[in-house]
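In full-length UniProt numbering, the protein residues as written are 1 to 237.
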């Protein structure tokens with residue numbers, strides 16, 4: 001688990017594709033300062049497992065599914081990436097719960113500068129639109145952000161906006177994004193769980209197995225015992 005608070009800007013050293021996967025090496029002194037084999041590190045929002053490391057670098061395997069769902073295959077040597085080590089029990093959660101399981105990608109549609117801040121508008125897959133709400137949380141390239149505005153249901157093109165303070169613009173890769181660039185998106189895990197539960201709540205898995213009380217209607221009265229056995233006080237007549 002991560003919190004979406006970026007610890008450092010790393011640099012891609014090597015991208016080695018194979019038949020159905022790839023191996024990624026990233027330079028990041030802070031990220032590997034206490035890393036061990038098998039530890040998790042978020043690379044621009046993608047949770048990867050350390051399989052090898054040196055004094056200031058680490059290597060991770062990337063599955064085909066991750067390549068298909070994220071921007072990670074676009075990471076040429078020299079590309080800057082957002083790095084965050086997995087959270088520890090007792091740490092402050094400065095952002096929100098981020099799993100590093102990318103939902104997909106979005107495209108930067110517009111970048112509107114302010115006096116010291118910037119508003120970025122991103123495209124939003126209609127499948128994910130119900131999971132993004134104004135003032136809710138979203139992870140963009142691993143950065144925990146608050147949704148400042150979002151398209152209304154029924155609009156022709158779904159989108160969302162985030163407002164970036166100077167710290168976010170300089171401490172993450174988002175400050176260098178240009179219109180047309182793709183980013184990794186992870187919606188709020190709590191919203192995803194609610195959506196899943198709601199989908200099942202309208203279905204009766206075993207409709208013939210139970211009545212509204214979950215037992216045969218003639219078996220018990222409202223006190224849970226044979227109807228003739230108890231009065232309203234729950235003692236034998």
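We put the beta carbon where it would ideally sit given N, CA and C, even for glycine. Keep in mind the model is a prediction, meaning the values are calculated, not measured.
So, is residue 283 buried or exposed, given that buried needs 16 or more other C-beta atoms within 10 angstroms?
-> There is simply no residue 283 to check, as the chain begins at 1 and stops at 237 in what is shown.
Quick one: is residue 146 buried, meaning 16 or more other Cβ sit within 10 Å of its Cβ, or exposed?
-> The residue is exposed, with fewer than 16 neighbouring Cβ atoms inside 10 Å.
Can you tell me whether residue 33 is buried or exposed, with buried defined as 16 or more other CB within 10 angstroms of its CB?
-> A residue is called buried once 16 or more other Cβ atoms fall within 10 Å of its Cβ, and residue 33, having fewer, is exposed.
Complete runs of the alpha helix (DSSP H) confined to the segment 145-201 [at least 4 residues] | Here the runs fully enclosed are 166-171, 189-201.
If you draw a straight line from the alpha carbon of residue 186 to that of residue 36, how long is it in whole angstroms?
-> Those two C-alpha atoms are separated by around 26 Å.
Please determine if the segment 97-106 and the segment 16-23 are in contact, where contact requires at least 3 C-beta pairs separated by less than 8 Å.
-> Output reads no: the segment 16-23 does not touch the segment 97-106.
Which stretch, first to last residue, makes up the beta strand (DSSP E) that contains residue 8?
-> 8-17 is the extent of the beta strand (DSSP E) around residue 8.
Within 10 angstroms of its Cβ, does residue 144 collect 16 or more other Cβ (buried), or is it exposed?
-> Of the residues assessed, residue 144 falls on the buried side of the cut-off, its CB having 16 or more other CB atoms within 10 angstroms.
Have a look at residue 157 and residue 189 and give me their C-alpha separation to the nearest angstrom.
-> The straight-line gap separating the alpha-carbon atoms of residue 157 and residue 189 is approximately 23 Å.
Near residue 245, which residues of its chain fall below 8 Å by C-beta distance, leaving aside the five closest residues on each side in sequence?
-> Absent from the model: residue 245. The displayed extent of the chain is 1 to 237, so no value can be given.
Going by C-alpha distance, which of 129, 84, 149 is nearest residue 173?
-> That would be 84, whose Cα lies nearest to the Cα of residue 173.
Mind checking residue 71: buried by the 16 CB within 10 Å criterion, or exposed?
-> Buried is the label assigned to residue 71, since at least 16 other Cβ atoms lie within 10 Å of its Cβ.
Express the C-alpha separation of residue 201 and residue 225 in angstroms, rounding to a whole number.
-> Caution applies to residue 225, whose pLDDT of 44 falls short of 50 and renders its modelled position unreliable; the value that the coordinates give is listed next. Rounded to whole angstroms, residue 225 to residue 201 spans 30 Å at the Cα level.
CA-to-CA distance, residue 92 to residue 160, given in whole angstroms | If you draw a straight line from the Cα of residue 160 to the Cα of residue 92, it comes to about 27 Å.
Other residues of its chain near residue 109: CB distance less than 8 Å, five sequence neighbours each side excluded | Apart from sequence neighbours up to five positions away, the residues of its chain that approach residue 109 with a beta-carbon distance below 8 Å are 121, 122, 123, 159, 179, ordered along the chain.
Is residue 297 helix, strand or coil when you go by DSSP?
-> The first residue shown for the chain is 1 and the last is 237, placing residue 297 beyond what the model contains.
Skipping 5 residues on each side, what residues in its chain have a beta carbon closer than 6 Å to that of residue 139?
-> Closer than 6 Å at Cβ, skipping near neighbours: 4, 45, 98, 186.
Look up residue 42 in the DSSP assignment and give the residues it is bridged to.
-> According to DSSP, residue 42 bridges with 47, 84.
Whole-angstrom Cβ separation of residue 26 and residue 43, contact assumed at under 8 Å?
-> So it is a contact: roughly 6 Å between Cβ atoms.
Separation of residue 55 from residue 154, as counted between CA atoms = In a straight line, the C-alpha of residue 154 is about 52 Å away from that of residue 55.
How about residue 143: is its C-beta nearer than 7 Å to some C-beta of chain C?
-> You won't find chain C in this structure, because it holds only one protein chain.
Tell me whether residue 52 is buried or exposed, calling it buried when 16 or more other Cβ atoms sit within 10 Å of its Cβ.
-> Exposed is the call here.
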